[in-house]
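Student: Heads up: take any position in the sequence shown, counting from 1, add 190, and you land on my numbering.
We put the beta carbon where it would ideally sit given N, CA and C, even for glycine.
Take this structure first; my questions come after.
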Amino acid sequence: MVVFSTIILFVCSSFRHALFQSNAFDLGIFDNGIYLLSQGQKPFVTFRGLHILGDHGAFILYPLALLYKIFPQVHWLLFVQAFSLSIGAIPTFYLAINAGLKQSQATTMAAVYLLYPLVFNLNLFDFHPEVIALPTLLFAILAARLEQVFRFTVAIVIILSCKAVLSLTVMALGIGLLLFEKKRICGIIAIFTGLAWFLVATQVIIPHFSGGEPAGVKFYDSLGDSVFEIALNILLKPGIVFQQIFTLSNLEYLVLLTIPLIWGLSFRHLTPLVGAIPILLLNLLSDSVQQKNLTQQYSLPILPFLLVAVIASLAAGEGWFRQPKKIILWSLIAFFALAKYGYFGSRYLKHFDTVKASHEAVALVETKGSVLTADHIAPHLTHRSVLMLTTKGAEKFDLNEFKYILLNASYPGWDSSRELVYRLVDKLKTMPNFQLRYQKSEVMLFENQDNTTIIKSNNNQ
191 MVVFSTIILF VCSSFRHALF QSNAFDLGIF DNGIYLLSQG QKPFVTFRGL
241 HILGDHGAFI LYPLALLYKI FPQVHWLLFV QAFSLSIGAI PTFYLAINAG
291 LKQSQATTMA AVYLLYPLVF NLNLFDFHPE VIALPTLLFA ILAARLEQVF
341 RFTVAIVIIL SCKAVLSLTV MALGIGLLLF EKKRICGIIA IFTGLAWFLV
391 ATQVIIPHFS GGEPAGVKFY DSLGDSVFEI ALNILLKPGI VFQQIFTLSN
441 LEYLVLLTIP LIWGLSFRHL TPLVGAIPIL LLNLLSDSVQ QKNLTQQYSL
491 PILPFLLVAV IASLAAGEGW FRQPKKIILW SLIAFFALAK YGYFGSRYLK
541 HFDTVKASHE AVALVETKGS VLTADHIAPH LTHRSVLMLT TKGAEKFDLN
591 EFKYILLNAS YPGWDSSREL VYRLVDKLKT MPNFQLRYQK SEVMLFENQD
641 NTTIIKSNNN Q
């Protein structure tokens, strides 16, 4: 089941990437940073203007760079993501067995996990290191229940290394273990390591590498401009909190989140959801709709606790139905209703007519020289020190600083326009040092013949 799922997910994400549907934000960011690490260079992502640790304090990216030592290839990240999402079925199975379910029911719960729409959808949303935390959270809960303190501690360290905000999930997990499962040692470890890492990551590491607050703070403008201001306002201004939480968009989000598993949720067995409270609260309080769907990574830390709650309900003989066939049928209906497999026949084919030309143009970028290109082309050219995007404001760049400029006028990409692309083209045509190397289907590659004007990569480190 895990192998089959890994293959399916990897093929889907690879095909999406081949169709130029990946983005600089976020696949390009992580691929570029990890590539630079593997080359012994400072992992400063130029188009992000940020050291890779200044984003979310994700130290897990450093060991991932070892894969690039074998062979620097973005598909490593797509494989790691597909495998991580799939392997979560294993701890789900054993958590069900540990709770007293029959093997057939445990196998069904593993299938329920794999069919949860977020698993498939998140696999199609570029790459995010927190996918590694999804199965690890399930393994951590299992280790705590089996009183395997060392394995639990290792799992907690891995989770914390994936993203700073997961420290809140770890703290909440610890509270749940301490209060409701009587796992005192594991609970204390989770609470204190989570709290310590939250303070170190948000107040030391991220500010040091970014010069500012964690990136996610921007989603909470109505609550404050810093982590502590947001926390204080949540505690001291309940009126703002209620106004943010009680909205139609949040109601829709809660329905989306729970409907695939609603058959197995019981009010008498919701204590496992304690671990999900911090992230759920953050998503509900957010000003951004990005955090209120089943297509992006923000709901990922909630899923393990939903599954554990369903398992607890089944173990107690509750739930709308308990027969594997009915459970699988419900999960299939939810998957076909909410999974974004249909994108392969619609959204992902919007600029299919330029895919062949884009691949041909990318193949002509022969060196590791600096590149200026569109957001959706960038993930195919991230193995270099200097990469910038043709987004709004790109017309102000000194084009002499780039070795290659790759444009797609028919599909300019995110935060760009056809007008911007042709302003760049008109400017390039007046610069004798730039040669038009390739042109087809409005995909154009310009190469700078004067190497003395090009930015040296070490000036951007």
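State the Cα-Cα distance for the pair Gly218 and Ala208, rounded to the nearest angstrom.
Tutor: Rounded to the nearest angstrom, the two C-alpha atoms are 14 Å apart.
Student: Which runs of the alpha helix (DSSP H) at least 4 residues long sit entirely within the stretch 535 to 569? Give them in chain order.
Tutor: Runs of the alpha helix (DSSP H) inside the stretch 535 to 569: 545 to 553.
Student: Give me the Cα-Cα distance between Val633 and Ser606, rounded to the nearest whole angstrom.
Tutor: Near 15 Å, if we compare the C-alpha coordinates of Ser606 and Val633.
Student: In the structure shown, what three-state DSSP assignment does Ser204 receive?
Tutor: Ser204: helix per DSSP, three-state reduction.
Student: Quick one, which of Glu591, Asn311 and Asn288 has its alpha-carbon nearest Phe329's?
Tutor: Per the Cα distances, Asn288.
Student: What's the C-alpha gap between Phe190 and His318?
Tutor: No answer is possible for residue 190: the residues shown for the chain start at 191 and end at 651.
Student: On the three-state DSSP scale, how would you describe Glu734?
Tutor: Residue 734 cannot be examined here, being either before or after the span of the chain that is shown, 191 to 651.
Student: Classify Gln393 as helix, strand or coil using the three-state DSSP reduction.
Tutor: Reduced to three states, the DSSP call for Gln393 is helix.
Student: On the criterion of 16 or more Cβ atoms from any shown chain inside 10 Å, does Gly583 qualify as buried, or is it exposed?
Tutor: Gly583 should be labelled exposed.
Student: What are the boundary residues of the beta strand (DSSP E) that includes Asn598?
Tutor: From DSSP, the beta strand (DSSP E) with Asn598 extends over Tyr594 to Asn598.
Student: What are the boundary residues of the beta strand (DSSP E) that includes Phe578?
Tutor: Inspection of the sequence shows that residue 578 is occupied by Met rather than by Phe. First-last of the beta strand (DSSP E) with Met578: Leu577 to Leu579.
Student: Using the Cα positions of His576 and Gln393, report the straight-line distance between them to the nearest angstrom.
Tutor: Position check: residue 576 holds Val in this sequence, whereas His was assumed. When rounded, the distance between both Cα atoms is 29 Å.
Student: Select from Lys530, Ala301 and Leu554 the residue whose C-alpha is nearest the C-alpha of Lys515.
Tutor: When each option's Cα is compared against that of Lys515, the closest is Ala301.
Student: I want to know whether the stretch 561 to 580 touches the stretch 230 to 250 - three or more CB-CB distances under 8 Å.
Tutor: With a cut-off of 8 Å, the stretch 230 to 250 and the stretch 561 to 580 count as touching, because enough Cβ pairs lie within range.
Student: Is Phe200 buried or exposed, if buried means 16 or more other CB atoms sit within 10 Å of its CB?
Tutor: When all chains shown are included, Phe200 counts as buried.
Student: What residue ranges within the stretch 454 to 538 form continuous alpha helix (DSSP H) runs of no fewer than 4 residues, ordered along the chain?
Tutor: Runs found: 467 to 475, 493 to 505 and 514 to 528.
Student: Of all the options Ala334, Leu308 and Ala333, which has the alpha carbon lying nearest to the alpha carbon of Tyr443?
Tutor: The shortest Cα separation from Tyr443 among Ala334, Leu308 and Ala333 belongs to Leu308.
Student: Would Arg512 and Leu519 qualify as a contact pair, given that the criterion is a beta-carbon distance under 8 Å?
Tutor: Cβ distance not < 8 Å, so Arg512 and Leu519 don't count as in contact.
Student: Any idea what DSSP makes of Glu403, helix, strand or coil?
Tutor: Of the three classes helix, strand and coil, the one that applies to Glu403 here is coil, per DSSP.
Student: Of the residues His573, Asp245, Gly377 and Leu597, which one's Cα is nearest the Cα of Ala391?
Tutor: If we check each option's Cα against that of Ala391, Asp245 comes out closest.
Student: On the CB-based measure, 16 or more other CB atoms within 10 Å of its CB, does Thr563 come out buried or exposed?
Tutor: So Thr563 ends up on the buried side.
Student: Pick from Lys630, Gln486, Ser548 and Leu493: whose alpha carbon is nearest that of Asp216?
Tutor: Closest by alpha carbon: Gln486.
Student: Report the rounded CA-to-CA distance for Glu591 versus Asp616, giving the unit in angstroms.
Tutor: Approximately 17 Å, taken between the alpha carbons.
Student: Starting from Asp245, trace the alpha helix (DSSP H) both ways and give me its first and last residue.
Tutor: Counting along the chain, the alpha helix (DSSP H) containing Asp245 begins and ends at Leu243 to His246.
Student: Between which two residues does the alpha helix (DSSP H) holding Lys343 run?
Tutor: It should be noted that the sequence gives Thr, not Lys, for residue 343. Val339 to Cys352 is the extent of the alpha helix (DSSP H) around Thr343.
Student: Name the DSSP bridge partner or partners of Glu637?
Tutor: According to DSSP, which records beta bridges pairwise, Glu637 is partnered with Tyr594 and Gln625.
Student: Given this structure, state the Cα-to-Cα distance separating Met191 from Ala529, to the nearest angstrom.
Tutor: Cα to Cα, the separation comes out at about 19 Å.
Student: Pick out whichever of Ile395, Ala248 and Ser203 has its Cα sitting closest to the Cα of Phe315.
Tutor: Of Ile395, Ala248 and Ser203, the residue nearest in Cα terms is Ser203.
Student: Just checking my contact of Val555 with Thr580 at CB under 8 Å: how many whole Å lie between their CB atoms?
Tutor: Contact doesn't hold; Cβ gap of about 15 Å is too wide.
Student: Can you tell me which residues form a DSSP beta bridge with Phe234?
Tutor: Its beta-bridge partners are His241.
Student: Using 8 Å for Cβ pairs, my map puts Pro491 next to Ile467. What's the rounded Cβ distance?
Tutor: Pro491 to Ile467, Cβ: 11 Å. No contact.
Student: Taking Thr282 as the reference, give the member of Gln293, Phe269, Met299 and Ser294 with the closest Cα.
Tutor: For the residues Gln293, Phe269, Met299 and Ser294, the minimum Cα distance to Thr282 belongs to Met299.
Student: What residue range does the alpha helix (DSSP H) around Gln271 cover?
Tutor: Note, Gln271: alpha helix (DSSP H), His265 to Ile277.
Student: Have a look at Ile375 and Phe342 and give me their C-alpha separation to the nearest angstrom.
Tutor: For Ile375 and Phe342, the distance between alpha carbons rounds to 10 Å.
Student: Assess contact between the stretch 257 to 276 and the stretch 598 to 605, defined as three or more Cβ pairs (one per stretch) separated by less than 8 Å. Is contact present?
Tutor: As far as the Cβ criterion goes, the stretch 257 to 276 does not touch the stretch 598 to 605, which means the pair count is below three.
Student: Does Trp453 pass the burial test, meaning 16 or more other C-beta atoms within 10 Å, or should it be called exposed?
Tutor: Looking at its Cβ environment, which holds 16 or more other Cβ atoms inside 10 Å, Trp453 is buried.
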